[in-house]
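Have a look at the structure below, then the notes.
2 protein chains.
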Amino acid sequence: MGVTKSQIFTEKQNDLAQFFKVLGHPARVAILEYISTQDSCICNDIVGEIGLSQATISQHLQVINKAGLLKGNYKGKSICYCLNVERFKDLQEQLNLFFNTTASNCC
Amino acid sequence: MGVTKSQIFTEKQNDLAQFFKVLGHPARVAILEYISTQDSCICNDIVGEIGLSQATISQHLQVINKAGLLKGNYKGKSICYCLNVERFKDLQEQLNLFFNTTASNCC
DNA sequence: TATATATATTGCAATATTACGATGTTAAAA
DNA sequence: TTTTAACATCGTAATATTGCAATATATATA
C-alpha cells in the first residue's frame, strides 16, 4: 500500500508528526537557517545560497509556508520571506511538550 | 529525480533532518508515547495497542532504534524495549539548539 | 503597453516510504 | 528434539517525495 494510516492515530499525533516531517529534509533545515541569518527578509538570494533549482526551492518554501512558519509580502517585484517567529516558537513548545511527557523513567 | 541531495548540505543539517524524519510519522510518535506510558519495558503488547501489523510495527521500531532512541534486551522469548532516555534528551537538546539559534528577529 | 525580473505551477522521472503477507530466526517450554 | 511464541526480514504493491525543465503568473519599470 504505502499510505500512512492517519485515521488510526489521534489528531495530536498526526499534527506532531506533520511538523516533524516539515523539518525532516536538509533543504528545509538549511532554508530556515539561512532565513534566520539575515537581518531583513529574504528576497531573491535564497536560490543562489542553496544548491537547488529555483523550482525546487519554491516547493520547499511552500512546505514550510503551509506549516505556517513563514511570513511573506510582495515588496516590489519579489516576495520577501521571513520567519513567523511566533509560530516557530509555538512549534518548539509543542515539541518540548512531547519530549517532556514522553521521556519517562524505565530501565 | 527524487533523491535528496545530501551532499550539498552540511553534516549537521543532514543529521538534524534525519532526526526530524524519524519523528515525522504518527506511528513512531504513537510508539514512543506508548512506550513512555509503561512503567516497565514493552514486550509483546505494542502490536495490539497500535493498529498496524506486526511487520510494520517492527519496521518502525527499527527506524526508531537506528536513531539510537531505544534500549532493548532479550528477556525470555521476547525483546523488551524501552526508551533510551539519555539519547532522547540529547536529541531534545539538539532540536532546541536549532530552534533557539534559528528563531531570529525580523519583520 | 511591452519588457524584464522574480516566483509559482505543471508535468514528469527517479527514488523513498509505508504497509502487509509470508517466511525466517530465536529462545523458552513441552 | 519438537513445538510454540515473539520478533525480524524479505518480497512486493501502492503511494509519497524529491528534483528539475518548461511554462505560467505577477509586478515594477521603460
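First to last, the sequence lines map onto chains A and B.
First residue of the first sequence? That's 7 in the numbering used here, and the numbers climb one at a time after it.
First residue of the second sequence? That's 7 in the numbering used here, and the numbers climb one at a time after it.
We put the beta carbon where it would ideally sit given N, CA and C, even for glycine.
task = Look at the Cβ atom of residue 93(B), then the Cβ atom of residue 66(B), and state whether they are nearer than 8 Å.
result = Their beta carbons are not under 8 Å apart, which means residue 93(B) does not touch residue 66(B) by this criterion.
key: The beta strand (DSSP E) enclosing residue 85(B), as first and last residue numbers   = The continuous beta strand (DSSP E) containing residue 85(B) extends over residues 84-89.
ask   = What is the rounded straight-line gap between the Cα of residue 84(A) and the Cα of residue 16(B)?
value = The C-alpha of residue 16(B) is placed about 28 Å away from the C-alpha of residue 84(A).
inquiry  = Please list, in chain order, the chain B residues whose beta carbon lies closer than 8 Å to that of residue 84(A).
reply    = Going along chain B, no residue has its Cβ under 8 Å from residue 84(A), so there is no contact; the nearest lies around 15 Å.
ask   = Should residue 98(B) be flagged as near chain A, meaning a C-beta pair shorter than 8 Å?
value = For residue 98(B), the answer is yes, since a Cβ of chain A falls inside 8 Å of its Cβ.
request  = Given a cut-off of 8 Å, decide if residue 19(A) and residue 36(B) are closer than it, judged by their beta-carbon atoms.
outcome  = Cβ atoms of residue 36(B) and residue 19(A): closer than 8 Å.
request  = Report yes or no: do the stretch 53-60 of chain B and the stretch 97-111 of chain B share at least 3 C-beta pairs separated by less than 8 Å?
outcome  = At 8 Å Cβ cutoff, the stretches do not touch.
query = What are the boundary residues of the alpha helix (DSSP H) that includes residue 35(B)?
reply = In the DSSP assignment, residue 35(B) falls within the unbroken alpha helix (DSSP H) covering 32-43.
inquiry  = So residue 76(B) contacts chain A; which residues on that side make the cut at Cβ distance below 9 Å?
reply    = Here the premise fails: no neighbours, minimum Cβ distance about 10 Å.
key: Inter-residue spacing [alpha-carbon to alpha-carbon] between residue 64(A) and residue 90(A)   = Cα to Cα, residue 64(A) sits roughly 17 Å from residue 90(A).
ask   = Considering only the beta carbon of each residue, do residue 26(B) and residue 30(A) sit closer than 8 Å?
value = Going by beta carbons, residue 26(B) and residue 30(A) fall inside the 8 Å limit.
message = According to DSSP, simplified to helix, strand and coil, what is residue 77(A)?
response = Note: residue 77(A) maps to strand in three-state DSSP.
ask   = Between the C-alpha atoms of residue 10(A) and residue 105(B), what's the straight-line distance to the nearest angstrom?
value = As the crow flies, the alpha-carbon of residue 10(A) is around 27 Å from that of residue 105(B).
ask   = How many angstroms separate the CA atom of residue 62(B) from the CA atom of residue 86(A)?
value = Cα to Cα, the separation comes out at about 43 Å.
query = According to DSSP, what are the bridge partners of residue 48(A)?
reply = Residue 48(A) pairs with 87(A).
request  = Locate the alpha helix (DSSP H) running through residue 70(B), then write down its first and last residues.
outcome  = From DSSP, the alpha helix (DSSP H) with residue 70(B) extends over 60-72.
query = At which residues does the alpha helix (DSSP H) containing residue 24(B) begin and terminate?
reply = Counting along the chain, the alpha helix (DSSP H) containing residue 24(B) begins and ends at 17-28.
query = Under a Cβ-count criterion, where at least 16 other Cβ atoms within 10 Å of its own Cβ denotes burial, should residue 42(A) be classed as buried or exposed?
reply = So residue 42(A) counts as buried.
Simplified DSSP state of residue 11(B), which is helix, strand or coil = Of the three classes helix, strand and coil, the one that applies to residue 11(B) here is coil, per DSSP.
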